[in-house]
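Q:
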Amino acid sequence: MKKLPGICAVNEALHEEMLRDENVIVIGEDIGVYGGGCGATKGLIEKFGKERVIETPISETAFTGMAVGAAMTGLRPVVEIMFADFMSLTVDPIVNHAAKLPFMSGGKLTVPMVMRAPIGYGTGAAAQHSQSVEHLFLNTPGITVIAPSCSADIKGLLKSAIRDDSPVVFFEHKLINKSETPLPEGDYTIPIGKADIKREGSDVTIISYLNAVNTCICAAEKLEKEGISAEIVDLRTLRPLDIETITKSIEKTHRAVIVHDAPSFGGFGGEILFQITESEAYKALKAPVKRVCGMEMPIAYAKSVEYFSVPNEENIIKAVKETL
Amino acid sequence: MDRFDDLSSGEKIILLKTMLLSRATEEKIEQLNSQKALHGTNHLCIGQEASHTGLCAAIDKNDWIMATHRGHGFYIAKGGSIPAFWAEMFGLSEGCCKGLGGSMHLADIDNRYMCSSGVVAAGVPISAGMALSLKNKHSNNIAVSILGDGASNQGMTFETMNLAVVLELPMLFYCENNEYAVSSRSKKFVGGESISKRAEAFGIESVTIDGNDIQAVYDAVKTAAEYIRTNKKPYFIEATTYRVSGHSRSDKKCYRDITEEKQRLENCPIKRFAQRLVGLGILTENEIEKMTAEAKETTNKEADKCRKLFESNTSATTLDEALQYVSPASGGAK
């Protein structure tokens, strides 16, 4: 299989879905000949024209609201937000409208739309272009949140998201966008809400998502050399959470570490842990669950700070060893 | 293009009947509010009947509208079912939104009353999206965004005015300036000359009209809709009116004098239109009294029926039913 960067997976999924369904449109800033902030929309305007590739002024609130209205009335918009950080400007249309209109209308309306945005640290983009913002949407029933870790999962899940009738927030980590991993050709889809075992192991379960999964894989390879076998559960979809895959793994390994780039306080790790404690797998645990998260600080510009304020191999290895 | 004067006597009578039904419905809600008979809050549009009735009569029945928290009148004027309205007000499963939306979130897709948002100005960009769908399908219909003077101060409104211009959206911004945003007077909080002048600055054709004169509303909306369909461009109407009721159920109106309300009631749109119809010899005073009583009977009968069902806990929407309407968070590609 060809290895291609994550951004190519996004681009392929968009091309294929726009070709498959004429109701799919894309909306966002600089998504025309410029090809989008990260290059995700390259070639779309040439192929599908400006009726379906809708370039907008810098008005995130308005064009996200516009996507909600278009989704309600027959189109399937895919909105690009240039950086996930700017999704703060889209919280009202997503949280108050996309998530609630199907409910408030007693099922008369559906809002089939996807909000996609590059997320996360790693490019020296500093505090307002590097943060993890998934928490903004995780406590809102009615929204699906997707956070893949490799090109294949990006393609398979983005295509499923575009076909889904619920509003989906889809994160693309900037480092994954640049990292080359196998990308299946053709109509490749992955069901939403299914976690994936990225690495099998027997001593500890590491639960993660987005680029932190890749950091975990590097840590697991080092642990292997020390004779410690780590299983990695890549959540891929955060809401709905595939708790079954997590608990099945813990019942096998009896130990768990949760890893995410977002700060620990109020982070998704707390939810994962609580769902573990509510499950049968809790009885299988032989040690307290550990978490490795972003530090309680904004992402810094300086590389010397940026890379050390998020989970890295060393602190993941340390946390794993503390559970043994 | 048809003008108001071209409407037949029968059509004018229907407009008056709609206004009377809207008024009677809102007055019934006032009464129920005073008896604490309804579960939630509501926002009444007494005194604004010419605005919603004139607008809905002048657009095509397949034109889409999106209203606000003060949407009862638009729902009725767009042809919404009165039994489904009252069932919604009492949270019953027969409600137009199964009782899950309530007063602020009415929706009636069959009549192209798409939905209503309770977040001031949030419906403006969503209406732009409705217009985008119409444009994408090369439809000749238009989308109407209902907003108020309060929403005219929100950034989303400005962003959407610009979007509508640059994307050439077939969209009517219909701003009811009813002089109040909760307790805030628009005279105090709307900077500049007028709301419609703001639209002009974006390059949108705009006009300010007397929103209490049904003829002025009807003719202005006809002109606007025709312009939008022909030019494929947005249009902005500011309809001036007066919010006779308080902002919501709990508003004691401490911020204004009762004499102000009395004075403004002289400009009642229903009274003005009824007098005109009498003057034209279309209706007599007696006939109008009879029509007023009929409107009350129509709405009160349904309200009382739903109240009984609510109080006896029959027909209430269940939690299990409600959960079905949360967007399928179960996920999975379709």
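Protein chains in written order, with my numbering: chain Y, 205 to 528; chain D, 80 to 413.
The beta carbon of each residue, even a glycine, is placed where N, CA and C say it ideally should be.
Since the structure is predicted, the reported quantities are computational estimates derived from the model, not experimental observations.
Return the residue from the list D:I316, D:Y404, D:K301 that minimises the CA-CA distance to S275 of chain D.
A: Minimum Cα distance to S275 of chain D is reached at D:I316.
Q: Does any residue of chain D have a CB that is nearer than 8 Å to the CB of K251 of chain Y?
A: Closer than 8 Å: no.
Q: Please name the residue in Y:P281, Y:I520, Y:E338 whose C-alpha comes closest to that of L287 of chain Y.
A: Sequence inspection shows Phe at residue 287 of chain Y; the Leu mentioned does not correspond to that position. Considering only alpha carbons, the answer is Y:E338.
Q: In this structure, how does DSSP classify A116 of chain D when only helix, strand and coil are distinguished?
A: Residue state, collapsed to three classes: coil.
Q: Please list the terminal residues of the continuous alpha helix (DSSP H) segment that includes Y306 of chain D.
A: Per DSSP, Y306 of chain D belongs to the alpha helix (DSSP H) from 293 to 310.
Q: Grab the span of the alpha helix (DSSP H) containing E175 of chain Y for me, first residue to last.
A: With chain Y covering 205 to 528 only, the question about residue 175 of chain Y has no answer from this structure.
Q: List the residues of chain Y whose Cβ lies closer than 8 Å to the Cβ of Q403 of chain D, in chain order.
A: Within 8 Å Cβ-Cβ: G311.
Q: So L342 of chain Y packs on L439 of chain Y, CB below 8 Å; how close in whole Å?
A: In fact, because the Cβ distance is near 12 Å, the residues do not count as touching under 8 Å.
Q: Any residues in the stretch 175 to 196 of chain D with a beta carbon nearer than 7 Å to a beta carbon of chain Y? Which ones, in chain order?
A: Within the stretch 175 to 196 of chain D, the qualifying residues are C176, K177, L179, G180, H184, A186, I188, M193, C194, S196.
Q: Does any C-beta atom of chain Y lie closer than 8 Å to the C-beta of K413 of chain D?
A: The predicted model places K413 of chain D with a pLDDT of 35, which falls under 50 and marks its position as unreliable; any figure quoted below should be read in that light. At least one chain Y Cβ lies under 8 Å of K413 of chain D.
Q: Mapping DSSP to helix, strand and coil, what is K214 of chain D?
A: Looking at K214 of chain D - three-state DSSP - the assignment turns out to be helix.
Q: Do S212 of chain D and S224 of chain D count as a contact pair if the criterion is CB distance below 8 Å?
A: Contact: no.
Q: For V282 of chain Y versus V315 of chain Y, is the C-beta spacing smaller than 8 Å?
A: No, they are not a contact pair.
Q: Can you find a C-beta in chain Y that's less than 8 Å from the C-beta of A207 of chain D?
A: Yes, A207 of chain D lies at the interface with chain Y (some Cβ there is under 8 Å from its Cβ).
Q: Beta carbons nearer than 8 Å to chain Y: which residues of the stretch 224 to 245 of chain D have them?
A: Listed by position along the chain: G234, M235, E238, T239, N241, L242, V245.
Q: Identify, in the order they occur along the chain, each residue of the same chain with its Cβ nearer than 6 Å to the Cβ of G158 of chain D, setting aside the five sequence neighbours on each side.
A: Excluding positions up to five away in sequence, the list reads N190.
Q: At a CB-CB cut-off below 8 Å, which residues of chain Y make contact with A382 of chain D?
A: Near A382 of chain D there are no residues of chain Y at all, since even the closest Cβ is about 20 Å away, more than 8 Å.
Q: Among the residues of its own chain, which have a CB less than 8 Å from the CB of E364 of chain D, if the five just before and after it don't count?
A: Once the five neighbours on either side are set aside, the close Cβ partners of E364 of chain D are V357.
Q: Using a cut-off of 8 Å between C-beta atoms, extract the partners of T277 of chain Y located in chain D.
A: Going along chain D in sequence order, the residues near T277 of chain Y (Cβ under 8 Å) are W143, M193, G208, M209, S212, L213.
Q: Can you tell me whether DSSP reads P306 of chain Y as helix, strand or coil?
A: Reduced to three states, the DSSP call for P306 of chain Y is helix.
Q: Output needed in chain order: residues of the stretch 288 to 314 of chain Y with a Cβ under 9 Å from some Cβ in chain D.
A: Listed by position, the residues of the stretch 288 to 314 of chain Y near chain D (Cβ gap below 9 Å) are D296, P297, N300, H301, A302, A303, K304, L305, P306, F307, M308, S309, G310, G311, K312, L313, T314.
Q: CA-CA distance, L528 of chain Y and A491 of chain Y?
A: Whole-angstrom Cα-Cα distance: 7 Å.
Q: Listing by chain order, which chain Y residues have their CB less than 8 Å from the CB of A201 of chain D?
A: Neighbours of A201 of chain D on chain Y, chain order: G269, D296, P297, N300, H301.
Q: From D234 of chain Y to T302 of chain D, what distance separates their C-alpha atoms?
A: Rounded to the nearest angstrom, the two C-alpha atoms are 35 Å apart.
Q: List the DSSP bridge partners of A321 of chain Y.
A: Answer is Y:F375.
Q: How far does the beta strand (DSSP E) with F478 of chain Y in it extend, from its first residue to its last?
A: Looking at the DSSP string, F478 of chain Y is not in any beta strand (DSSP E); the run it does join, the alpha helix (DSSP H), is 472 to 481.
Q: For P313 of chain D versus P297 of chain Y, is the C-beta distance shorter than 8 Å?
A: No, the pair does not count as a contact, with Cβ atoms beyond the cut-off.
Q: Alpha carbon to alpha carbon, what distance is there between G405 of chain Y and K187 of chain Y?
A: With chain Y running from 205 to 528 in the structure shown, residue 187 of chain Y is simply not present.
Q: Please list, in chain order, the residues of the stretch 359 to 376 of chain Y that have any C-beta partner in chain D closer than 7 Å.
A: So the close ones are S364, R367, D368, D369, S370, P371.
Q: So C176 of chain D and K312 of chain Y are supposed to be a Cβ contact under 8 Å. How far apart are they, rounded?
A: The pair is a contact, with the Cβ atoms about 7 Å apart (cut-off 8 Å).
Q: Which word fits N256 of chain D, buried or exposed, when buried means at least 16 other C-beta atoms lie within 10 angstroms of its C-beta?
A: Buried, since its Cβ has 16 or more Cβ neighbours within 10 Å.
Q: Could you tell me the alpha carbon to alpha carbon distance between M222 of chain Y and I229 of chain Y, rounded to whole angstroms?
A: Taking the straight line joining both Cα atoms gives about 7 Å.
Q: Who are the neighbours of I258 of chain Y on chain D, taking C-beta pairs under 8 Å?
A: Near I258 of chain Y (Cβ distances below 8 Å), the residues of chain D are L211, L246.
Q: Would you list the one or two residues that DSSP bridges to Y259 of chain D?
A: In the DSSP output, where bridge partners are listed per residue, Y259 of chain D has D:R264.
Q: The stretch 446 to 471 of chain Y: which residues have C-beta closer than 8 Å to a C-beta of chain D, in chain order?
A: So the list is empty, because no residue satisfies the distance condition.
Q: Counting only C-beta atoms, is V198 of chain D closer than 8 Å to chain Y at any point?
A: Taking Cβ atoms only, chain Y reaches closer than 8 Å to V198 of chain D, which makes this a yes.
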